Amino acid sequence: MDLDRASSELNEKLSAIGGTANVAVLKSVVTQASSAIPVMPLYIAMVFKKMREEGVHEGCMEQIYRMFSQRLYKADGTAPEVDDQNRLRLDDWELRDDIQQHCRDLWPQITSENLKELTDYQEYKDEFLSLFGFGIEGIDYEADVNPNVAFDVIDI
């Protein structure tokens, strides 16, 4: 993978000044790209619900905070924990055996009728809509709007 190659080259260059470079592997997140991957929305809705039940779900900001506070800049000053390819693994909670087994067991049970009951489908939908500025409380999306808005163009 090119990221691993680049990280390795950067490590060689940075070693002279005590620096390092790592690839970070993060958990599944709701993005425009992930929504276009077949089955990812269903998987994310399943895994997020189980992670919430287990108390290990985190949003993007919480995950990056954990990367800095518990991986890169640990309170005890020890080196970051990395896998055998020198990667920082923040998908560890998502990939826990119990969480993945739950998803494998649940997958064949999900139907259109029980989707909202067995998964966090609504949460997934809300996160997806918010990516594009929709689903904001207090906005009347049914209201007529004037698409012609007068404004001064400023040359930069």
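Using UniProt numbering, the first residue of the sequence shown is number 1, and each one after it goes up by one. Backbone N, C-alpha and C define an ideal beta-carbon position, used for all residues, glycine too. Source: prediction; values computed, not measured.
How big is the Cα-Cα spacing for residue i and residue j?
i    : j    : result
K49  : I154 : 47 Å
I139 : S35  : 24 Å
L42  : L26  : 18 Å
So residue i is in the alpha helix (DSSP H); what residue range does that whole segment cover?
i    : result
L106 : D97 to L106
L115 : L115 to L118
V23  : Careful: V23 lies outside any alpha helix (DSSP H), inside the beta strand (DSSP E) at V23 to V25.
N11  : D2 to L14
I156 : Premise fails: I156 is in no alpha helix (DSSP H) and is neither H nor E.
K125 : Y121 to L131
Which first and last residues belong to the beta strand (DSSP E) in which residue i is found?
i   : result
D87 : A small fix is needed here, since residue 87 is Arg in this sequence, not Asp. Counting along the chain, the beta strand (DSSP E) containing R87 begins and ends at R87 to R89.
Report the option in the options whose CA atom is closest to the CA atom of residue i.
i   : options                  : result
G32 : N146, I156, Y124 and E54 : The displayed chain sequence assigns Gln, not Gly, to residue 32. Closest option to Q32, Cα to Cα, is Y124.
Could you tell me whether the segment 98-118 touches the segment 50-59, where touching means 3 or more Cβ pairs closer than 8 Å?
yes
When you compare the segment 126-143 with the segment 64-73, are there three or more beta-carbon pairs, one atom per stretch, that lie closer than 8 Å?
no
Would you call the segment 115-124 and the segment 73-91 in contact, with 3 or more CB pairs under 8 Å?
no
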